[in-house]
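Encoded as structure tokens, the structure appears first; notes follow it.
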Amino acid sequence: MAVPFKNILVYIDGSEESISAMMYGILLAKQNNALLAAMYVVNTKALADLVKVGIFLDLEKNEYQRDLQKDAERYLKHSQKLAKKKEVVVSCITEEGSAHKIVRDYIKANDVDLLVIGGVSAIRSRRDELNSETDRMLRTVPCPVMLVREDEDLWESFE
Amino acid sequence: MNLVDILDEKLIKVQLIGKTKDEILDELVRTLALGKDLNKHEFEKVLLAVKNREELGSTGIGKGICIPHAQSDVFDKISLVVGVSKEPIDFDSPDNMKSRLFFLVVAPVSAASAHVEVLAAIARSCSSSVFRRMLEKCKSSREVIQLFSE
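As they're listed, the protein sequences go chains A and B.
Residue 148 in numbering that gives the first Met the number 0 sits at position 149 of the first sequence; the count goes up by one each step and never skips.
Residue 51 in numbering that gives the first Met the number 0 sits at position 52 of the second sequence; the count goes up by one each step and never skips.
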């Protein structure tokens, strides 16, 4: 594990917390002269599960998949804009599948030494405990993980 | 996303009075309209979206559960209505079982990710027969929220 970090991955899921994570990742990459990548995973596993249990029709699954792919483009484009503001280069990656598995495999294959995520959800019920993708990432990835909380100063520094 | 974070006491109705599929859909959307202060035009727009989706295929998924859902830009974020009916309603479910538990989910197109997560969370919660039985027994909105928080 390199310290300071040399190869940083930020996981983007469209939440405000993940955008904060992106900002933090950009500042860290600049400070450490590190490689930076941003990844959005289209949750095709959840879509397939919804078809399996009968909530979605196949037609719907395809429509929602297209919407999620558009979301991926939008948020990764936004990430690039943020990175440009600080003169940092970011590689943007869109994947499909189960988010925590895709991120874990990417980290292993690319020697990522820091994952930055936008925090984990508050556990509001026992049912929710193990179902959040970011929770699962936190538990299963083989590198250090930074959880970023929302920070107004951070957002202001990018305006 | 946690269901508890989007549950709203104003959007929970534990004594649905509708007797048919159409009446239940109307009642769920009406509950949403009242809770979110929609005007008549917005109410009709959402109801049409929900009914159009229902036309494509029943949102009854079996085991007494129905999850009618639609995308609508009347809202800028996802909304969830929970309804419990004392009387079982025929919703053309694949197991031919009548339904007592209803979850109406409406979200804008821009919230596709949240929409998918919420639907998946509902399916997970309702996979437990104990949970379903306890939800059917809830007598108030507060009890429903309490159940989801356990």
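We put the CB at the ideal spot given by N, CA and C, even for glycine.
Small disclaimer: the values here were computed from a predicted structure and weren't measured.
Extent of the continuous beta strand (DSSP E) to which residue i belongs
| i | result |
| --- | --- |
| E53(B) | It is not in any beta strand (DSSP E) - E53(B) instead sits in the alpha helix (DSSP H) that spans K39 to L55. |
| N61(A) | Unbroken run through N61(A) is the alpha helix (DSSP H), D57 to K84; no beta strand (DSSP E). |
| C91(A) | S90 to E95 |
| I7(A) | N6 to I11 |
| K100(A) | Not the beta strand (DSSP E): K100(A) falls in the alpha helix (DSSP H), residues A98 to N109. |
| V115(A) | L113 to I116 |
| V40(A) | L34 to V41 |
Chain B within 8 Å of residue i, Cβ atoms only
| i | result |
| --- | --- |
| Y63(A) | yes |
| L26(A) | no |
| I116(A) | no |
| V52(A) | yes |
| D66(A) | yes |
| A45(A) | yes |
| G137(A) | Sequence check: residue 137(A) is Leu here, not Gly. Closer than 8 Å: no. |
| N168(A) | In the structure as shown, chain A begins at 0 and stops at 158. Residue 168(A) is therefore absent and cannot be evaluated. |
Nonlocal neighbours in the same chain, by C-beta distance under 7 Å from residue i, ignoring five residues either side
| i | result |
| --- | --- |
| I44(A) | Before going further, note that residue 44(A) is Lys rather than Ile in the sequence given. Within the same chain, K44(A) has close Cβ partners G96 and S97. |
| D70(A) | G13 |
According to DSSP, residues forming a beta bridge with residue i
| i | result |
| --- | --- |
| F102(B) | V81(B) |
| G61(B) | I64(B) |
| L15(B) | S84(B) |
| Q70(B) | A106(B) |
N- and C-terminal bounds of the alpha helix (DSSP H) containing residue i
| i | result |
| --- | --- |
| T30(B) | K20 to K35 |
| N31(A) | E15 to N31 |
| A113(B) | A111 to C125 |
| M136(A) | E132 to T139 |
Proximity test, Cβ basis, 8 Å: residue i and chain A
| i | result |
| --- | --- |
| V73(B) | no |
| S112(B) | yes |
| L167(B) | This structure leaves residue 167(B) out entirely; chain B is present only between 0 and 149. |
| L108(B) | What sits at residue 108(B) in the sequence shown is Val, not Leu. Yes, V108(B) counts as interfacial toward chain A. |
| P67(B) | no |
| G61(B) | yes |
Cut-off 8 Å between Cβ atoms - residues of its own chain near residue i, not counting five sequence neighbours on either side
| i | result |
| --- | --- |
| P141(A) | R103, I106 and K107 |
| I5(B) | I77, S78, L79 and V117 |
Give a yes or no on contact between the stretch 83 to 92 of chain A and the stretch 16 to 33 of chain A, applying the rule of three or more CB pairs nearer than 8 Å.
yes
Looking at C-beta atoms only, is the number of pairs between the stretch 68 to 83 of chain A and the stretch 92 to 104 of chain B that lie closer than 8 Å three or more?
no
The stretch 99 to 107 of chain B / the stretch 71 to 85 of chain B touching (three or more Cβ pairs under 8 Å)
yes
Could you tell me whether the stretch 144 to 156 of chain A touches the stretch 117 to 127 of chain B, using the rule of 3 or more Cβ pairs below 8 Å?
no
Take every Cβ of the stretch 18 to 31 of chain B, pair it with every Cβ of the stretch 130 to 143 of chain B, and state whether three or more of those distances are shorter than 8 Å.
no
Within 8 Å, do at least three Cβ pairs link the stretch 116 to 124 of chain B to the stretch 38 to 55 of chain A?
yes
Tell me whether the stretch 51 to 59 of chain B and the stretch 29 to 37 of chain B touch, counting them as touching only if at least three CB pairs, one residue from each stretch, are closer than 8 Å.
no
Does the stretch 0 to 19 of chain B come within contact of the stretch 39 to 53 of chain B, defined as at least 3 CB pairs closer than 8 Å?
no
Okay, do the stretch 57 to 67 of chain A and the stretch 106 to 117 of chain A touch, 3+ Cβ pairs below 8 Å being the bar?
no
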